[in-house]
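Comments concern the structure below.
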Amino acid sequence: MKPQSKVIITLALSALFASTAHAFEKRGVINEYHLNSDSVGRDACIRMTTVLPGTGWACIYNNNPLRNQLATLLREGYELKKTCTVAWSNTLPEGHANIFAASCY
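Numbers in my numbering are just positions in the sequence shown, counted from 1, shifted up by 1.
Dropping the structure here:
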């Protein structure tokens, strides 16, 4: 493969993944798991031992196609005191981080 081709492929891949380039993440133990039926458009919210941005809460919103799986994963992480990592790309006007990915171990 020519060096120019490698550069073009690298640039194309960089552009493809640019949307996650501005993602943020924190790792810690979830010390609070919150559900509130009055919060329209929002599923579970968490607080962690490490400080999260804005209000200190990170939430799963109903427009996330993985909201049920993420809520279950984070609830189990909370109950079992696992170390979890949450990722978000923006903080919504209410000040909570908008979780799009998570893992716990």
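Backbone N, C-alpha and C define an ideal beta-carbon position, used for all residues, glycine too.
Buried/exposed call for residue i, threshold 16 Cβ in 10 Å
i   : result
H23 : exposed
L36 : exposed
Nearest-angstrom Cβ-Cβ length linking residue i and residue j, presumed shorter than 8 Å
i    : j    : result
N69  : R48  : With 8 Å as the limit, N69 and R48 do not qualify as a contact, their Cβ atoms being about 21 Å apart.
T86  : A103 : 7 Å
Y106 : Y34  : Not a contact, Cβ separation roughly 17 Å.
N65  : F25  : In fact, because the Cβ distance is near 16 Å, the residues do not count as touching under 8 Å.
Simplified DSSP assignment, three categories, for residue i
i    : result
E95  : coil
T56  : coil
N37  : coil
N121 : The question about residue 121 has no answer here: the residues shown for the chain are numbered 2 through 106.
L71  : helix
Proximity test, residue i beta-carbon vs the ligand FMN heavy atom, cut-off 7 Å
i   : result
K82 : This structure does not include the ligand FMN; it has no bound ligands of any sort.
Beta-carbon proximity of residue i to residue j, cut-off 8 Å
i   : j   : result
C46 : N99 : no
D44 : N63 : yes
T92 : G55 : yes
A27 : L53 : Checking the sequence, you will find Lys at residue 27 rather than Ala. In this structure, L53 lies closer than 8 Å to K27 by Cβ.
Per DSSP, cross-strand counterpart(s) of residue i
i    : result
K27  : V87
A103 : V87
Y62  : R43
R48  : E33
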